[in-house]
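In UniProt numbering, the protein residues as written are 1 to 233.
If you want it as structure tokens, here you go:
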């Protein structure tokens, strides 16, 4: 709480009057938590954060949006989908890359709650959208919240596994119910598409292919020996 809530508010309080143009706050679609049925969560959907991480993100969102009329810069809140794709600081603790890594290494993959939904977005698309926000007219992005991703990348865990098995048909997968992470949500990305004309260039199968090619080229030969390097464990 001291760092993630109080600390970030104190940091934000230092931004007024220093000549800042934009503040882009990276939040998360995890704020939606658990959604029953097949509803798509848009930016006005009820927030049900389950983790301390998401609860802190919601608190900071509310603090930033409450500054309207009291700061001389333009804040924008971006609720990121779950990241995938190759990056210089590669993470294998996120679903698409984790599943692909395990099966690429020949491990048996244990999948909990295979029918739960989550949105995903490639790291390069995140970077592209941040650039779009920084170039956008103030009236489009001031004190606005955007879900970041595309509906094409709303996937169940089963859907991700199926996409990997198309490229690794002999991989071994085992399923189990009642995992420790109950999150289940699909997200509506129509606002970012309409207002900022943003759609992702990369799909989940694109990201899977990238990771598999990286393993084939021996880029991550020591990944299992350097677990803490490749994730926020």
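Glycine is no exception: its CB is placed at the ideal position from the N, C-alpha and C atoms.
Item	Value
My guess is that residue 94 and residue 83 are in contact by the Cβ rule of under 8 Å, so how many angstroms apart are they, rounded?	6 Å
Write down every uninterrupted run of the beta strand (DSSP E) in the region 74-114 whose length is 3 residues or greater and which is fully enclosed by it, in chain order.	74-80, 82-84 and 109-112
By DSSP's criteria, residue 137 is part of a beta bridge. Which residues make up the other side?	Paired residues: none, contrary to the question.
Per DSSP, which one or two residues make a beta bridge with residue 25?	77
Run the proximity test for residue 155: is its beta-carbon closer than 7 Å to any non-hydrogen atom belonging to the ligand COA?	As for the ligand COA, it is missing from this structure, which has no ligand bound.
Output the distance between the C-alpha atoms of residue 59 and residue 190, rounded to the nearest integer angstrom.	24 Å
Answer yes if the region 37-49 comes into contact with the region 17-26, meaning at least three C-beta pairs across the two stretches below 8 Å, and no otherwise.	no
Throw me the rounded Cβ distance for the residue 74 and residue 141 pair, which I believe falls under 8 Å.	6 Å
Are there three or more Cβ pairs, one per stretch, closer than 8 Å when the region 138-158 is compared with the region 209-224?	no
For the candidate residues 98, 38, 46 and 30, whose alpha-carbon lies nearest to that of residue 227?	98
I'd like the list of long-range same chain contacts for residue 177, defined as Cβ closer than 8 Å, with 5 residues on each side in sequence excluded.	112 and 113
With DSSP collapsed to three states, give me the class of residue 183.	coil
Quick check on the burial criterion: 16 or more other C-beta atoms within 10 angstroms. Buried or exposed for residue 122?	buried
Can you confirm whether residue 18, when its beta carbon is compared against all beta carbons of chain B, has any partner nearer than 8 Å?	Of the protein chains in the structure, only one exists, and it is not chain B.
Among all the DSSP beta bridges, which residues are the ones paired with residue 147?	79
Can you look up residue 154 in the DSSP assignment and give me helix, strand or coil?	strand
How should residue 200 be labelled, buried or exposed, when 16 other C-beta atoms within 10 angstroms of its C-beta is the threshold for buried?	buried
Residue 69 to residue 139, Cα distance in whole Å?	14 Å
Do residue 155 and residue 33 have their C-beta atoms within less than 8 Å of each other?	no
How many angstroms separate the CA atom of residue 85 from the CA atom of residue 208?	8 Å
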